[in-house]
Structures are given as structure tokens and as C-alpha cells.
Amino acid sequence: MRKIKFELHWQILIAMVLAVIFGITFPTKYRFTYDSFETFSKQAKQKGFTETQLLRLESLRDSEAKSETEFFNEVSYLLSNELPNKKKQTISEYARYNPALSYIAWMGIIFIRALKMIIVPLILSSIISGIANIGSGGKLGRLGFKTLLYYLTTSAFAIFAGIVFVNIFKPGVGANIGLSAHVEKISSIDRPFSETLINIVPENIFKAFQAQDMLAIIFFAILFGFFITRVNHKSKEFMTNFFNSTFEVMMKITMFVILFTPFGIFGLISKIIADIAGDTDKLTSLISSLGMYSLVVIIGLMFHSIITLPFMVKILGKSNPWKHFKAMRSALLTAFSTSSSAAALSLTMSSVQNNSGVSTKVSGFTLPLGATVNMDGTALYECVAVYFIAQAYGVEMTIGNQIIVAATALLASIGAAGIPMAGFVMISVILSAVGLEPEAVGVLLTVDRILDMFRTGVNVWSDSCGAVIVAKSEGETLKAIS
Ligand code: ASP
Numbered sequence: 192m193r194k195i196k197f198e199l200h201w202q203i204l205i206a207m208v209l210a211v212i213f214g215i216t217f218p219t220k221y222r223f224t225y226d227s228f229e230t231f232s233k234q235a236k237q238k239g240f241t242e243t244q245l246l247r248l249e250s251l252r253d254s255e256a257k258s259e260t261e262f263f264n265e266v267s268y269l270l271s272n273e274l275p276n277k278k279k280q281t282i283s284e285y286a287r288y289n290p291a292l293s294y295i296a297w298m299g300i301i302f303i304r305a306l307k308m309i310i311v312p313l314i315l316s317s318i319i320s321g322i323a324n325i326g327s328g329g330k331l332g333r334l335g336f337k338t339l340l341y342y343l344t345t346s347a348f349a350i351f352a353g354i355v356f357v358n359i360f361k362p363g364v365g366a367n368i369g370l371s372a373h374v375e376k377i378s379s380i381d382r383p384f385s386e387t388l389i390n391i392v393p394e395n396i397f398k399a400f401q402a403q404d405m406l407a408i409i410f411f412a413i414l415f416g417f418f419i420t421r422v423n424h425k426s427k428e429f430m431t432n433f434f435n436s437t438f439e440v441m442m443k444i445t446m447f448v449i450l451f452t453p454f455g456i457f458g459l460i461s462k463i464i465a466d467i468a469g470d471t472d473k474l475t476s477l478i479s480s481l482g483m484y485s486l487v488v489i490i491g492l493m494f495h496s497i498i499t500l501p502f503m504v505k506i507l508g509k510s511n512p513w514k515h516f517k518a519m520r521s522a523l524l525t526a527f528s529t530s531s532s533a534a535a536l537s538l539t540m541s542s543v544q545n546n547s548g549v550s551t552k553v554s555g556f557t558l559p560l561g562a563t564v565n566m567d568g569t570a571l572y573e574c575v576a577v578y579f580i581a582q583a584y585g586v587e588m589t590i591g592n593q594i595i596v597a598a599t600a601l602l603a604s605i606g607a608a609g610i611p612m613a614g615f616v617m618i619s620v621i622l623s624a625v626g627l628e629p630e631a632v633g634v635l636l637t638v639d640r641i642l643d644m645f646r647t648g649v650n651v652w653s654d655s656c657g658a659v660i661v662a663k664s665e666g667e668t669l670k671a672i673s
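Right, here's the structure in full:
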């Protein structure tokens, strides 16, 4: 009998549909059970609730509300005033009542934990092996310099485009994305910018690993990778091979975790839907804000790939961007459908060499490096995601925060591996760099797969444009695309 095999994106789609059905069938009710009120009242005093407030809230044990809004209407009526958001949050945490959900919510929790588990070793090995490979064989000369300059410039343009579009459309303002934490302001505002810069140098690298302090980890990884290229030949070869292999293993682990995405999505989305299922306004607002968010990411990516990159190919690469695009079609389609720059790499290399006519010397150096280091689409996407979440929390981004987001997005895109969802994993890195709660990423997971396809296409397109520009600057003729 033939086995029916579903592609991952179909599995994800099915998981999403099932999650919606589950959430709607088992909506969360808002009420205090005997036990939950007991636990709540133990915590309540510390959280600033008075004795009288507690006594009044206790009467809620007999009633049940269908939605959070309805529940809090009753709470405000009982307490005869509006509660501050923080207190509402505490009440809501204990008043959610959904026994069915407890059977499946763990899948989402474990999935997010597994993604967090891979962040540090993945970034560390990706950056160390990337840098060590550039430096080996004396490649970090003129070619390396030009390539890195191109990567940094285009990623900066992409980030800029992302920031502009997310500020024009403001998809996150007023978005109801099921955030439970309440953020008054972004915590990194509390510390001066100079301190953030100082903290890039870790006092203790193990503490940085533990705190998932990405700027510090990336800084250390760059230093480590660089100095691998400066030791004697035997050690250099050993260390480069070691980190290349570690990176390979980490990619395999990531791919393994990704296999469970449908279960993760099912657990996370069921909870989000169940919690707001009794409130149709919130449900429709969730769907429309996610739609708006995806649209902004796609518009930004389109702008970068249709305007910025072709313009650079035309001006700096003195070639015809349209002809180059046609030469790259199958590689771009592969990137789009696999959501993996690494999976598309061999096709990218053969298209750039055979169709666009770039030499093996340039393409062999720039493209493998670009597949892990140069991710314009990912950088843009990450900026939009973080702004979206900050907007949903209703917090202002100061200039200092904007700089941190841009710089971390750049570093995170460099640190992201060329595999599906690597960029998604990095969002929580940037969120914690600016001091926002990473809980919000759960809801973004719903649309990640589709956005991953677009951003991976842009990543590969940018790598290929880079190969053309560097080849031209090295005096190659590229007749096929001129
Ligand atoms: N999937 C992307 C790539 O392979 C990375 C990402 O998730 O943003 O280029």
C-alpha cells in the first residue's frame, strides 16, 4: 500500500485548522474554582490586593463568564472601580478555566522550550564556523572584504526598509494577540545606551549563555572565530573542523525539532483561540492584525527585492537585473519552496555560475558564506516582528531601542542558519535584547511558515546579486546578463 506523505506546510496548515476547531469547541471560561481561588488569595496580598477586595472577589466563585471582557466587567462592578492592568493580569491567570486545554497546551510549551534550547549552540557554532571559514586559506583578503561590505550594506538597507514600512502601517497598534504580560515600557530604556554597549563584552561567558544574552554571545563568537584563523595550522584545522561539524549537528537537531512544529502549533494556537473564543471581537482582531503583519513583511521584502537589490545590480554590478533574475529562477523557486538557503545552495551556485556566468572563484567563495551570513529577508522580517510586538504592547521605541533592534536584527540574521524557521527562533533573541517578553512569539508562529518562504527567497536573491556585484568588481565580464 502506498503511504501518503504530507509536506510540512500541509501538516502545519492542518494543525492550525484543528487548533481553531479545538479552541472554538473548548473555549476558556473565566471563573474561580475553589482551588484556583485558594491559590489566588495566597498570592493576592503580595500583589497588593486588599482584604475587602478579596472578599468581594470571592463571590465570583459562583459565577462563570464566557469571555475575559465579560469577566472583568463583573470584577469592576464588584470592586466598584477599574483595576490596573497588572492586577487584572493576576486575576485572569487564576480565573481561566479550561480543563480540556491542559491535555494539549503542553505541546506548545515543550515546542517553545525546544526552540529556546537550540538558540545558543546554534548561533555560537554558526558564527564561529562562518568566521573561521572566511579567514581560512587567506581568503579574508580583498574578496572577503568586498563581500562582507556588500552583505552588511544590503542587510542595513533591508532593515531600514522594514523599519520604514512597519512605522507607516503600524500593524501592531491595538493588535490583540493574546499577550498576558503587561509592559509599561521597554526595560532597556531604563539603562543608558552606553551601558548596553559596555554589556556587549561579557564578564563571564557562561553567565551570558545562561541569560541568553545574545549580543555578548555573538561578540564572543566573532572573536573566537577570528582567532581560530590566527593559530597554528594544526589547531586551526582542528578547530575549524570541530565548529563546522558542531554547526552541522546543530542544524540537524534544529531540523528535528522543526518536525514537531505541527504539534507545537496545535498546542499554542489552541490556547490562543480558546482564550478568546468567547469574544468574537478579539478573535477577528487577532486574525486581521496577523494578516496586516504578514502583509507589511511581504511589502517590505518586495520593496527590497524589486527595487533595492536590482538597483544595486544595475549600478554597482553594471548588469541587467531582469536577465539575472531569469537566470536564477529555479534556485529562487527552490529557496521559496524549501524555506532553506542551505537546501537551495547547490542550485544557487550552479545558476550563478552556469546561467549568469560568474566565475567559480567568486561564486565558490561568496555563495556558501552568503547562505549562512547574508540574510536580508530575515533581518527585515525580524525588525518588523519586533516592532509589531512592541506596538501590540503599546510601548514606544526610543531612538536607543531602535538602534538596538536594528543592530541585533543584523547580528541575529548573521547568526541565523540557512534552514527553515531559523529566523523565527531569533525573534526572541531580539525581544530579550530590548527587554520585551518573548511570550508574544507564539502567535507569530501561525504565519511564520509562509513568511519564511518569502524571506528565504529574498535571502538567496541577495546572495546571488552579491556574487554578480563582487564578480564585476573583480573585472569579470558576465556576458549572459549584461
Ligand atoms: N529560512 C531562512 C533561510 O534559510 C532563514 C530564516 O528562517 O529566516 O534563509
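Here the sequence shown stands for residues 192 to 673, numbered as in our numbering. The beta carbon of each residue, even a glycine, is placed where N, CA and C say it ideally should be. Quick caveat: nothing in here was measured; it's all calculated off a predicted structure.
In its chain, beyond the 5 residues on either side, Leu-500 and Val-504 have a beta carbon closer than 6 Å to the beta carbon of Cys-656.
Cβ atoms of Leu-209 and Phe-457 come within 8 Å of each other, at about 6 Å. In this structure, the alpha-carbon of Ile-350 lies about 30 Å from that of Ile-463. Just so you know, the alpha carbons of Ser-426 and Asn-435 end up roughly 14 Å apart.
Following the DSSP letters along the chain, one finds Ser-673 in no alpha helix (DSSP H), marked with neither H nor E. Counting only unbroken stretches of 4 or more residues, the alpha helix (DSSP H) elements lying wholly within the region 495–541 are 500–506, 512–529 and 532–541, in sequence order. Lys-220 sits in a strand when the DSSP states are folded into three classes. With contact defined as three or more Cβ pairs closer than 8 Å, the region 611–629 and the region 640–651 are in contact. At least 8 Å separates the beta-carbon of Ser-480 from that of Asn-358.
DSSP, read as helix, strand or coil, puts Arg-287 in strand. Per DSSP, Gly-469 is not a residue of any alpha helix (DSSP H), being assigned neither H nor E.
Cβ atoms of Leu-450 and Ser-547 stay farther apart than 8 Å, at about 35 Å. According to DSSP, Ala-256 shares a beta bridge with Tyr-221. By the Cβ criterion, the region 260–274 is not in contact with the region 405–420, since fewer than three pairs of Cβ atoms, one from each stretch, lie closer than 8 Å. With 16 or more other Cβ atoms inside 10 Å of its own Cβ, His-495 counts as buried. Taken atom to atom, the span from the alpha-carbon of Leu-622 to that of Leu-492 is near 21 Å. Runs of alpha helix (DSSP H) with 4 or more residues, each lying fully within the region 334–363, are absent. Note on geometry: alpha-carbon atoms of Ala-662 and Thr-589 lie some 40 Å from one another. Taking the Cβ of Asp-404 as the reference point, every heavy atom of the ligand ASP lies at 7 Å or farther away. Look at Gln-544 here: in three-state DSSP terms it is helix. Within its own chain, the residues whose Cβ lies closer than 7 Å to the Cβ of Ser-531, once the five positions on either side in sequence are excluded, are Gly-609, Ile-610, Pro-611 and Thr-647, listed in chain order. Distances between the C-beta of Ile-610 and the heavy atoms of the ligand ASP include at least one below 7 Å. By the beta-carbon neighbour count (other beta carbons within 10 angstroms, threshold 16), Arg-421 is exposed. Here Lys-361 has Gln-582 as same chain residues with Cβ atoms under 7 Å from its own Cβ, once five neighbours each way along the sequence are excluded. About 5 Å separates the beta carbon of Lys-220 from that of Glu-255, a gap short enough to meet the 8 Å contact definition. A distance below 6 Å between beta-carbons, with the five flanking residues on each side excluded, links Ile-605 to the following residues of its chain, in chain order: Val-564.
Relative to Arg-520, the option among Val-649, Thr-569 and Thr-281 whose CA is nearest is Val-649.
The beta carbon of Ser-232 sits closer than 7 Å to those of Leu-245, all from its chain and outside the five residues before and after it, given in chain order. In this structure, the beta-carbon distance from Ala-562 to Ser-542 does not fall below 8 Å. Counting C-beta atoms within 10 angstroms of its own C-beta, Leu-340 has fewer than 16 neighbours from the protein chains shown and is therefore classed as exposed. The three-state secondary structure of Pro-611, taken from DSSP, is coil. DSSP, read as helix, strand or coil, puts Asn-272 in coil. In the structure shown, Met-566 falls within a coil segment according to DSSP collapsed to helix, strand and coil.
Judged by the Cβ position, Phe-615 qualifies as a neighbour of the ligand ASP at the 7 Å threshold, a heavy atom of the ligand being closer than this. Nearest to Gln-593 by C-alpha distance, out of Lys-443, Ile-506, Val-625 and Gly-299, is Val-625.
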